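Here my numbering is used: the first residue of the sequence shown is 571, the next is one more, and so on.
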Amino acid sequence: MKKPRLPKKFVEQCKAVTAKRPKTVIDHILKHGFITTEELKNTYGYNHPPRAARDVREQGIPLETFRVQAADGRSIGAYRFGDPKKARFSKLSGRTAFSKELKAKLIETDGARCAIYLEEFPERDLQIDHRVPFEVAGDDAENMNDPADYMLLSGSANRAKSWSCEHCANWLDLKDKQICKKCYWAYPDSYEHVAMRQTRRADILWSGAEVSVYDKLRERTLELQKHLPAYIKELIEKHLEE
């Protein structure tokens, strides 16, 4: 694949990035034109390629996802630079590191629980996340310790939010903060849409002694030959009718 010719200023700004993970991706693309998910895993040891790609986007650098053929003939994912005109270096100069004080404030306000699952987790397992994605709004350096702009998420909830946001038209093109503020992923207790889709969502997590309840539900769905989400909806509807 032929490498595209990139504007000199764009290349200079890309090379100015110093954070290890995005720099690794950027340098590889500058040299080879693109980087595959296999290269991210096997060459650089990044087991979650979308996270590495997101780190680049957080630097204000547009990336495109496409498919290439691996050596064994499989179709695999790859990343290359998007339109340099869409670069946003001035606004997204890189995610600012979160302080321990901010996490402490969030725990003091909401408890040590995931904002999506509404379940308690060990504090070390909770991650600070922007309510409005960094890629849409960036960071306000003067208000980095305002807990109202952030939420605590478990690792799995954070990955689910990332996937949904990264496939949302507002993330990809519109960049409208007000749309994000009405989304489930920003305010799961009061929202109008889920990544711009007119749906409603409830994430349920069974843990500890509750796992046995999930197992019973699962066994029952196998007996009835029903999908678990549909069966749970059915039980809720019956309960509400009663």
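Idealized CB from N, CA, C, for every residue including glycine.
Source: prediction; values computed, not measured.
**Asked** From K808 to P619, what distance separates their C-alpha atoms?
**Response** 43 Å
**Request:** Tell me, to the nearest whole angstrom, how far the beta carbon of I631 is from that of I605; I am working on the premise that it is less than 8 Å.
**Result:** That pair is no contact at about 13 Å.
**Request:** Tell me where the alpha helix (DSSP H) around V706 begins and ends.
**Result:** 704–707
**Request:** Give the straight-line distance between the Cα atoms of Y614 and T607, rounded to the nearest whole angstrom.
**Result:** 10 Å
**Asked** Taking C-beta to C-beta, are F651 and C584 nearer than 9 Å?
**Response** yes
**Asked** What do you reckon, are the CB atoms on R526 and A648 nearer than 9 Å?
**Response** The requested residue 526 is not part of the displayed model; the chain covers only 571 to 812.
**Prompt:** Excluding the five sequence neighbours on either side, which residues of its own chain have a C-beta within less than 7 Å of the C-beta of S660, listed in chain order?
**Reply:** Residue placement at S660 is flagged as unreliable, the pLDDT there being 49, under the threshold of 50; the coordinate-derived value follows with that caveat. Hits under 7 Å: none found.
**Item:** Which of helix, strand or coil DSSP assigns to C753
**Value:** strand
**Request:** May I ask you to report which of helix, strand or coil DSSP gives G652?
**Result:** coil
**Request:** Given a cut-off of 9 Å, decide if V764 and S726 are closer than it, judged by their beta-carbon atoms.
**Result:** no
**Message:** Could you check whether L723 and Q697 sit closer than 9 Å to each other, using their CB atoms as the reference points?
**Reply:** yes
**Beta-carbon gap between D773 and I677 smaller than 9 Å** = no
**Prompt:** Around the C-beta of L662, are 16 or more other C-beta atoms found within 10 angstroms, so that it is buried, or is it exposed?
**Reply:** Model confidence at L662 stands at a pLDDT of 48, short of 50, so the residue's coordinates are unreliable; what they give is reported in the following sentence. The residue in question, L662, is buried, as its Cβ has 16 or more Cβ neighbours within 10 Å.
**Asked** Can you tell me the Cα-Cα spacing of L744 and C684, whole angstroms?
**Response** 28 Å
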